[in-house]
Amino acid sequence: MGYISVFDVLKIGVGPSSSHTLGPWKAALQFLETIAIEEVESVSVHLFGSLALTGKGHGTDIAVMMGLSGHDPKVVPVEIVQELPDQIKASGKLSLGGKNDIAFDYSHAIQFHFSEQLTLHPNGIRFIAFNQLGAELSRQTYFSVGGGFVVHENDMGAEAVSEGINVPYDITSADDLEAFCMARRMNIAELAMKNELHIAAEGQVRGGLNAIWEVMRDCMFRGCHTPGLLPGGLNVRRRASDIYKKLASEPRQAANSLEWFQQLQSLQPPFNETLNWISCFAMAINEENANFGRVVTAPTNGAAGVIPAVLAYYVLFSGKEVTDAKIQDFLLVCGVIGTLFKNGATISAAMGGCQAEIGVSSAMAAAALTEGLGGNVGQSLMAAEIAMEHHLGLTCDPVKGLVQVPCIERNSMGAIKAITAANLALASDPEKAKVSLDEVIQTMWHTAQDMHQKYKETSLGGLATNIAVIVPEC
Ligand code: SF4
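Just add 419 to the spot in the sequence shown (first one is 1) and you have the numbering used here.
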């Protein structure tokens, strides 16, 4: 594995799933680059393993249509995501790459291979393009390996995102990270910044981090102000706006999320209300995520609420003066810790269950909060370790394949655990810790390998098969 930039760990995109929506979307865009679009008469798409089993609930089919239409998930207006796929289904036509109108019969063009899994990874997707004579023009297979990362089948095993970029601190383990920081008298954010400056200029890096925080904050703002039911047929009611109304007993109008946050900054809620605010922020983000809204993958979409909720806690309620630079540092630390898990274990629920999503995001947030609150490097790594230790074995069992139950509430739990982990670490001597971050990452990976397939984003076990919900036809 090579260096992974913070901008590959934290990506602006569209919900509801990084591996099942963002990844297949990006795979479709990559596929377009392999074909002469004008020569294509038709395309077929094949989903395997977890992508087939939970693909409908996770919007994989929608993502594929958006990608084949040439839209960029980072900038496409979310209204188009909610409208275009229905138009394609109704018309039976798709504008390939936005350039060539082809026939696209949804029921045949996208095939869900429910009982077939490709050998290299549970999240396989294959695209085939045909010409007028029905001859194959291109056949490409990709794997969505978690967190929106996509790898062509020929590149599996060599999936470093920023491969070839020489950074001063090529971290492969938490021990490495601590040793580098100690030797150079740097904290984690400073080390991460020095690496990022080998990829982009400082203004670009800081601007990019500001943009990530803005998308997170906007997402919380929308989620806290949007009632209603979530799509997908489970009739899950959005709750963040109700919680928000109770907490902000006389909410003032705010023109945007920045103004809103400035208003919230004057609050000094008691302990129990603080907990409710954190839950509210986390759920607001994940309700937006479930509604195909714009989110930051952090490190996945299912877990997109944990880091923003903890960062909001840091900004609003920690009692610290949190400048833009401190927010940037927070995100940089998140990126480094996410990389340790991606390289040492997995951030794919199809490989490791929910410990790889909520558990990793909680560990990232815990370390970042600890450093933000003045903890040393050892304490920050200890906080990440504590947060993951108490997510080990967490399964992925989304009901009806939707990123809603248990996912939305689970983000609240991940955020609260992160804050508790940070406070435990800040009150502790990391020299006396019995478990290191590297050991817990290794344990998570072993647990992932032992976990039954039905608990790895297949909706074949756990809550997905044991709750008595009445699911209306949709
Ligand atoms: S259960 Fe966890 S890992 Fe699975 S979809 Fe939900 S948030 Fe993601």
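Ideal Cβ positions, reconstructed from N, Cα and C, are used throughout, including at glycine.
Pick from the options that is closest to residue i, judged by C-alpha positions
| i | options | result |
| --- | --- | --- |
| Ala509 | Ser526, Val494, Val497, Gly516 | Ser526 |
| Val586 | Gln623, His617, Gln747 | His617 |
| Gly476 | Ala834, His871, Leu821, Trp864 | Leu821 |
| Pro894 | Ala787, Asn842, Pro688 | One cannot answer for residue 894 here, as it falls past the ends of the chain, which runs 420 to 893. |
| Glu458 | Ala482, Val428, Gly468, Gly553 | Gly553 |
| Gly797 | Gly763, Gly468, Met605 | Met605 |
| Gly724 | Tyr422, Ser424, Ile423, Gly434 | Gly434 |
| Glu776 | Leu813, Val741, Ile631, Ala785 | Leu813 |
| His465 | Thr479, Gln530, Thr591 | Gln530 |
| Ser436 | Ile838, Glu808, Asn705, Pro504 | Asn705 |
| Ile507 | Asp491, Val494, Ala482 | Ala482 |
| Trp632 | Glu609, Leu751, Ala867 | Leu751 |
| Tyr588 | Val824, Ser424, Val818 | Ser424 |
| Gln868 | Phe568, Ile499, Gly763 | Gly763 |
| Ile838 | Ala703, Ser780, Gln687, Val497 | Ser780 |
| Val569 | Thr866, Val634, Ala446 | Ala446 |
| Phe690 | Gln861, Ile835, Ala528, Ile454 | Ile835 |
| Ala722 | Asp524, Phe736, Val824, Lys873 | Val824 |
| Ile773 | Ala703, Met870, Tyr422 | According to the sequence as given, residue 773 is Cys; it is not Ile. Of Ala703, Met870, Tyr422, the residue nearest in Cα terms is Met870. |
| Ser847 | Gly517, Val859, Gly794 | Gly794 |
| Lys665 | Cys638, Ser685, Thr693, Arg558 | Thr693 |
| His532 | Ala471, Gly576, Thr862 | Ala471 |
| Ala701 | Arg671, Gln672, Tyr732, Leu686 | Tyr732 |
Backbone CA spacing between residue i and residue j [nearest angstrom]
| i | j | result |
| --- | --- | --- |
| Gly652 | Leu845 | 44 Å |
| Ala522 | Ser463 | 11 Å |
| Gln682 | Ala709 | 27 Å |
| Ala579 | Gln501 | Note that Ala579 scores 47 on pLDDT, short of 50, meaning its location in the model is unreliable and no value can be drawn from it. |
| Leu649 | Ser488 | 25 Å |
| Arg625 | Gln536 | 41 Å |
| Phe640 | Ala659 | 10 Å |
| Asn607 | Thr758 | Per the sequence shown, residue 607 should be read as Ile rather than Asn. Their Cα atoms are separated by approximately 13 Å. |
| Val755 | Ala611 | 7 Å |
| Pro849 | Met601 | 14 Å |
| Ser799 | Thr789 | 5 Å |
| Leu843 | Cys815 | 27 Å |
| Ala840 | Val729 | 12 Å |
| Leu513 | Glu572 | 26 Å |
| Cys893 | Asn654 | Since pLDDT at Cys893 reaches only 37, below the 50 mark, its modelled position is unreliable, and the value read off the structure follows with that caveat. For Cys893 and Asn654, the distance between alpha carbons rounds to 10 Å. |
| Leu556 | Leu515 | 14 Å |
| Asn519 | Phe680 | 45 Å |
| Asn629 | Val714 | 14 Å |
| Val734 | Ala782 | 18 Å |
| Met484 | Asp857 | 40 Å |
| Cys826 | Gln551 | 44 Å |
| Thr560 | Phe467 | 10 Å |
| His644 | Lys739 | 27 Å |
| Leu503 | Val494 | 15 Å |
| Arg657 | Gly647 | 6 Å |
| Glu808 | Lys851 | 16 Å |
| Ser563 | Pro443 | 7 Å |
| Cys753 | Ser461 | 42 Å |
| Val497 | Asp637 | 13 Å |
| Glu621 | Gly565 | 28 Å |
Proximity test, Cβ basis, 9 Å: residue i and chain D
| i | result |
| --- | --- |
| Ser424 | Note that chain D does not occur in the displayed structure, where there is just one protein chain. |
Original post:
What residue ranges within the stretch 741-787 form continuous alpha helix (DSSP H) runs of no fewer than 4 residues, ordered along the chain?
Top reply: 743-763, 768-771
Subject >> Within the stretch 569-626, ranges of the alpha helix (DSSP H) (whole runs, at least 4 residues) >> reply: 593-603, 607-615
Subject >> Segment contact flag, the stretch 541-559 with the stretch 434-453, C-beta cutoff 8 Å, min 3 pairs >> reply: yes
Original post:
Given 8 Å as the limit, is there contact between the stretch 690-709 and the stretch 801-816, that is, 3 or more CB pairs closer than that?
Top reply: no
Original post:
In the stretch 636-676, which residue ranges form an unbroken alpha helix (DSSP H) of at least 4 residues, counting only runs that do not cross its ends?
Top reply: 659-666
Original post:
Counting Cβ pairs, one atom from each stretch, are 3 or more of them under 8 Å apart for the stretch 666-686 and the stretch 587-598?
Top reply: no
**OP:** With a floor of 3 residues, list each beta strand (DSSP E) that falls wholly inside the stretch 509-580, ordered by position along the chain.
**Re:** 512-515, 519-522, 529-532, 542-549, 555-565, 568-571
Original post:
Counting pairs of Cβ atoms below 8 Å between the stretch 867-887 and the stretch 830-837, do you hit three or more?
Top reply: no
Original post:
Going along the chain, which unbroken runs of the beta strand (DSSP E) with 3 or more residues stay wholly within the stretch 425-456?
Top reply: 430-433
Original post:
Taking three-plus beta-carbon pairs below 8 Å as touching, is the stretch 702-720 in contact with the stretch 428-435?
Top reply: yes
Subject >> Complete beta strand (DSSP E) runs within the stretch 458-513 (minimum length 3 residues, chain order) >> reply: 461-468
Subject >> Validate contact between the stretch 767-780 and the stretch 740-748 using beta carbons, cut 8 Å, 3 pairs >> reply: no
**OP:** Ignoring anything shorter than 4 residues or poking outside the stretch 680-740, list the alpha helix (DSSP H) runs there in chain order.
**Re:** 690-709, 725-736
Subject >> Runs of beta strand (DSSP E) lying entirely within the stretch 838-879, each at least 3 residues, in chain order >> reply: none
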